[in-house]
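Novice: Let me give you the structure first, and then I'll get to my questions.
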Amino acid sequence: MALLVWQDDLNTGVEVIDHQHMRIVEMLNHLHVAQKSLERVAVAEVIDELVDYTMSHFAFEEELMEEAGYPFCAAHKRVHEVFGKRVSEYRLRFQAGEDVTDELRNMLSRWLFNHIRGDDKAYAEQVKRHLNQFTREHQQGGWLGRTLKRLFH
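Residue 1 is where the sequence shown starts when you use full-length UniProt numbering, and the numbers rise one by one after that.
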């Protein structure tokens with residue numbers, strides 16, 4: 001399998017999420033490079049980093065969806081949970097001595113790209129609206145900031 005290349009249709013328009021997705025793609029490419037080095041310790045480190053970062057990304061994404069009031073947040077969270085279990089099983093298989101690297105990379109890259117293009121794009125507009133509203137409110141300093149400016153300036 002060749003190195004993965006980020007494609008524009010993977011952009012959700014939520015900058016922080018897009019950067020996290022790009023980081024996961026980078027890690028999948030690091031996994032490929034580590035595998036080619038034939039150093040099992042390097043592969044193990046990348047797998048651990050990839051799994052941990054992906055789970056952190058999921059938690060962050062779920063929090064954003066929840067804050068934005070995305071109506072399908074619970075279903076999206078279940079998709080993440082099922083995927084998390086699959087990835088954890090790969091890690092256990094690797095730790096038990098099985099060479100799962102190609103299988104893991106193939107599954108992860110296919111799943112990730114499909115998930116971004118489908119599930120993640122579905123919440124993107126609502127999250128962007130929420131973040132834009134949040135930014136506008138805080139650029140003005142929120143209620144407290146606006147009140148203090150009005151009273152003391």
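C-beta: ideal position from N, C-alpha, C; glycine also. These numbers come from a predicted model, not from an experiment.
So within the segment 25-84, which uninterrupted alpha helix (DSSP H) runs reach at least 4 residues, ignoring any that extend past its ends?
Specialist: Segments of the alpha helix (DSSP H) lying fully in the segment 25-84: 40-68.
Novice: What did DSSP end up calling A122 once you bin it into helix, strand or coil?
Specialist: Reduced to three states, the DSSP call for A122 is helix.
Novice: In this structure, does DSSP put W6 in helix, strand or coil?
Specialist: W6: coil per DSSP, three-state reduction.
Novice: What whole-angstrom Cβ distance do D18 and N11 have, given they're in contact under 8 Å?
Specialist: Their Cβ separation, rounded to whole angstroms, is 5 Å, which keeps D18 and N11 in contact under 8 Å.
Novice: One question on the structure: do A74 and H130 come within less than 7 Å of each other, judged by their Cβ atoms?
Specialist: Cβ distance not < 7 Å, so A74 and H130 don't count as in contact.
Novice: Could you round the C-beta distance between Y70 and R23 to whole angstroms and report it? I think they count as a contact, below 8 Å.
Specialist: Y70 to R23, Cβ: 22 Å. No contact.
Novice: Please look up how many angstroms separate the CB atoms of H21 and R105, rounded, as I've assumed it's under 8 Å.
Specialist: The pair is not a contact, with the Cβ atoms about 16 Å apart (cut-off 8 Å).
Novice: If you draw a straight line from the alpha carbon of residue 154 to that of F83, how long is it in whole angstroms?
Specialist: The structure shown does not extend to residue 154, since the chain is modelled only from 1 to 153, so the question has no answer here.
Novice: Give me the residue from M107, V5, D102, M65 with the minimum Cα distance to Q35.
Specialist: Taking only the C-alpha atoms, the option nearest Q35 is D102.
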